Each structure stands twice: as C-alpha cells, then as structure tokens.
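What follows is a set of notes on a single structure, which appears directly below.
Dropping the structure here:
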C-alpha cells in the first residue's frame, strides 16, 4: 500500500513539474526539504522556501517544449520512511535528439508525517558524459 501511495505521489509531482503547477509540486514536501539539483546552488536548496525558489526558471525552460517524462520508478517503503529512484527523459527536442539515451536521475527520501507520505529529500543528476563508460 505504501509503495502505491508513494508511486502516485511522485507521478503526480512529475506531471505538475511538467505542467508548471507549483502548488502541486510543493504539496507533498516537508517544510525542511533538502534538494540537490543539477543547477546551482552547489550546497542545495534547504527548506521549502528555497525549494520553491528553484522552480520558476525550470518552468520557463519547460514551457519552451522540454520533456519531463518518468520512464522508470522504483519505490521501497518501511513503516515511516521510504526512498525511491526514478529515471526521466528531461530535455528539449534538440537535447533528446542529440542524446537519446541521457536520463535525469532522481532519488527521493520520504517520511510519513501525520499519516501521509512527504518528500524530505530530492537529489537530481545527469551522468557526467565526459567520463569513460
């Protein structure tokens, strides 16, 4: 049951991120969320206000026709903590054509608060393609 709830939460978040729906993006996050993202700041966004501030630029980029599609999602849940990882196709049409195998990797750390699952940690990354495979 927990795995299904978390899967639905992450899929809802991804649809909202693609649509530019900030309220839904923020809805299932803790007040003390920490996110390490692809763009700066290197020390991450710490707290819901800092997390909130990371989204407008992404939404502007996304509105120019970029993809943000969950391709694979795996969830492991305990009684009150869980983690999940996902692979997404995230890029413009040109990015995706030039790098068809590139995937955005996201790891989520969740905890149950007041009976509902909330994201307390996100880590987004792309592989460093300059390194040998």
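Numbering (the UniProt record's numbering), first residue to last: 1 to 133. In this text, a Cβ means the ideal position worked out from N, Cα and C, and glycines have one as well. Quantities reported herein were computed from a predicted structural model and do not represent experimental measurements.
Pop quiz: residue 92 and residue 65 are said to be a contact at Cβ under 8 Å. What is the actual Cβ separation, rounded to whole angstroms? The residue given as residue 92 occupies position 92 in the chain shown. The residue given as residue 65 occupies position 65 in the chain shown. Indeed they touch by this definition, with Cβ atoms about 6 Å apart.
Using only the alpha-carbon positions, how far apart do residue 123 and residue 132 sit? To locate residue 123, count along the chain shown from 1; it is residue 123. To locate residue 132, count along the chain shown from 1; it is residue 132. Residue 123 and residue 132: Cα-Cα distance of roughly 23 Å.
Let's test the definition: count the other Cβ atoms within 10 Å of the Cβ of residue 35 and tell me whether it reaches 16, buried, or not, exposed. Working through the chain shown from its first residue, we reach residue 35 at position 35. Buried, since its Cβ has 16 or more Cβ neighbours within 10 Å.
Can you give me the Cβ contacts of residue 18 inside the same chain, cut-off strictly under 7 Å, excluding the 5 residues immediately before and after it? In the chain shown, residue 18 corresponds to position 18, counting from 1. The answer, listed in chain order, is 62, 68.
Inter-residue Cα distance where the pair is residue 85 and residue 49: For the purposes of this step, residue 85 is taken as residue 85 along the chain shown, with counting starting at 1. For the purposes of this step, residue 49 is taken as residue 49 along the chain shown, with counting starting at 1. Between the alpha carbons of residue 85 and residue 49 lies a gap of roughly 24 Å.
If we require 3 or more residues per run, which beta strand (DSSP E) segments fall completely within the region 46-82? If we require 3 residues or more, the beta strand (DSSP E) runs fully inside the region 46-82 come out as 67-77.
Buried or exposed by the 16-neighbour rule on C-beta atoms within 10 Å, applied to residue 104: Along the chain shown, read from residue 1 onward, the residue named residue 104 stands at position 104. With 16 or more other Cβ atoms inside 10 Å of its own Cβ, residue 104 counts as buried.
Considering only their Cβ atoms, is the gap separating residue 54 from residue 37 smaller than 9 Å? In the chain shown, residue 37 corresponds to position 37, counting from 1. In the chain shown, residue 54 corresponds to position 54, counting from 1. Note that the C-beta distance between residue 37 and residue 54 is below 9 Å.
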